[in-house]
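In the working numbering, the protein residues as written are 8 to 302. Using N, Cα and C, we set each Cβ at its ideal position, and we do this for glycine too.
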Amino acid sequence: MILRPFDPWKSQLCTCPAKLSLNPYTGCPHGCLYCYASSYIPRFAQCRPKADLLRRLARESSKIRPGTLVALSNSSDPYPPQEEELQLTRGCLQILKERDLCAQVVTKSHLVARDADLLSKMRACVAITITSLSESICQRLEPGAPSPAERLDAMAKLSERGVAVSARIDPIIPGINDAEIEQLAAAVSRAGSRHITSSTFKARPGNMKKIISAFPQEGATLESLFARGNKIAGSGYLPEEMRRDLMQRVKESAGREALTFSTCREGWAGVLGISCDGSHLLSAVEKLEHNPLFL
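Here it is as structure tokens:
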């Protein structure tokens with residue numbers, strides 16, 4: 008199946024609303040050191056388009072209730088460099104629009120701004136991840152991803168076209184990007200974001216090794232911090248007090264910019280009417296927790 012119910016490893020900490028997941032591509036070229044998907048998707052660095060994607064999506068989407076939220080993408084960025092030529096994600100959006108389905112795009116790529124014409128004419132919201140304003144940090148932390156400036160520019164272009172935009176300041180990694188929290192919130196606000204989703208770094212054996220290699224001094228401190236935390240659903244968590252302090256800083260920074268705020272997989276209750284994934288920006292989305300996704 009191309010469309011699947013979103014289920015993040017049956018994590019008891021996930022507070023996302025009911026939605027379907029759609030990944031036009033398998034794998035991702037961004038090379039983010041903190042990536043969790045690379046731990047379970049084979050050959051993750053080799054981005055491959057899904058076979059016969061648009062025909063399969065057209066068939067499956069005909070069985071989905073109008074107004075259902077479809078997230079692109081939860082494991083592989085829907086706008087890898089190949090998308091500029093292949094336009095598979097754009098084709099998916101066109102099908103979702105024709106079926107009157109809602110789209111939530113999650114990406115690190117500035118290429119999403121190309122589709123502002125389409126996104127502005129459908130029930131859609133876009134979440135752009137930005138973890139640092141520093142080019143040097145991003146080049147080490149996300150070596151294959153577009154620059155922070157390109158992502159902020161994409162936010163601005165989408166917002167100018169009336170597309171609901173949120174920012175994922177995610178993950179916050181102590182010693183690497185936590186000093187930028189206030190500056191990041193101000194930057195995404197200026198670019199037109201209306202919401203911030205944030206979370207702390209969740210350590211897995213593979214991604215922790217990569218971060219220690221790229222940030223040896225900070226990595227050694229991180230190891231000691233995670234030794235004081237606990238494990239949940241196979242991931243290492245920072246000590247709870249530190250996680251709360253970091254998320255409180257993001258929340259206060261968002262508040263100063265008049266943005267809504269939520270956390271991702273931290274285990275704390277959110278604010279009524281504000282979705283952890285930013286999909287509350289789609290006021291026309293049906294209350295899916297009370298309606299079946301499939302016809």
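A direct Cα-to-Cα measurement between lysine 26 and asparagine 81 gives close to 11 Å.
Histidine 117 is positioned such that its CB atom lies closer than 9 Å to that of aspartate 160. If you compare the alpha carbons of Ala152, Asn237, Lys115 with that of serine 173, the shortest gap goes to Lys115. The way I'd put it, the segment 66-77 doesn't touch the segment 34-53; fewer than three beta-carbon pairs between them come closer than 8 Å. For the pair arginine 158 and valine 112, the Cα-to-Cα distance works out to about 14 Å.
Residue range 212-221 is occupied by the alpha helix (DSSP H) that includes isoleucine 219, with no beta strand (DSSP E) assigned at that position. Residue nearest to arginine 235 within the set Ser46, Glu225, Pro223, Glu248 is Glu248 (criterion: CA-CA distance).
Bridge partners of histidine 202 according to DSSP: Thr267.
Rounded to whole angstroms, the separation of the alpha carbons of leucine 125 and serine 200 is 19 Å. Under the three-state reduction of DSSP output, proline 56 falls in the strand class. Listed in chain order, the non-local C-beta contacts of serine 242 below 7 Å within the same chain comprise Lys209, Ala210, Arg211, local neighbours out to five positions each way being set aside.
By a beta-carbon distance limit of 8 Å, tyrosine 43 does not contact isoleucine 180. Their separation comes to about 13 Å. In the three-state scheme derived from DSSP, where H, G and I count as helix and E and B as strand, glutamine 94 is classed as coil. DSSP places isoleucine 135 within a strand segment (E or B) once states are collapsed to three. Serine 154 and isoleucine 9 have their alpha carbons spaced roughly 30 Å apart. Taking the Cα positions, leucine 253 is about 15 Å away from serine 139. The alpha-carbon separation between leucine 148 and aspartate 177 amounts to approximately 12 Å. Between the alpha carbons of leucine 95 and valine 195 lies a gap of roughly 27 Å. Pairing leucine 289 with cysteine 109 gives a Cβ-Cβ distance under 9 Å. Around the CB of valine 257, 16 or more other CB atoms lie within 10 Å, so the residue is classed as buried. Between histidine 37 and the set Trp275, Gln146, Pro31, Arg97, the nearest pair of CA atoms involves Gln146. Under the criterion of beta carbons closer than 8 Å, serine 69 and arginine 97 do not qualify as touching, at roughly 19 Å. The alpha-carbon of threonine 270 is positioned some 23 Å away from that of isoleucine 144. If you look at alanine 156, you'll find it isn't in any beta strand (DSSP E); it sits in the alpha helix (DSSP H) that goes 155-167. In the DSSP assignment, arginine 197 falls within the unbroken alpha helix (DSSP H) covering 188-197.
Leaving aside the five residues that flank aspartate 284 on each side, the residues in its chain whose CB is nearer than 6 Å to its CB run, in chain order, Cys23. The C-alpha of alanine 261 is placed about 15 Å away from the C-alpha of glycine 277. DSSP, reduced to helix, strand and coil, places threonine 33 within a strand of the structure shown. Exclusion of the five residues before and after glycine 213 leaves Ser46 as the residues of its chain whose Cβ lies within less than 6 Å of its Cβ. Membership of cysteine 145 in the alpha helix (DSSP H) is indicated by the continuous run 142-148. For glycine 182 against serine 127, the beta-carbon gap comes to about 39 Å, at or over 8 Å, which does not count as contact.
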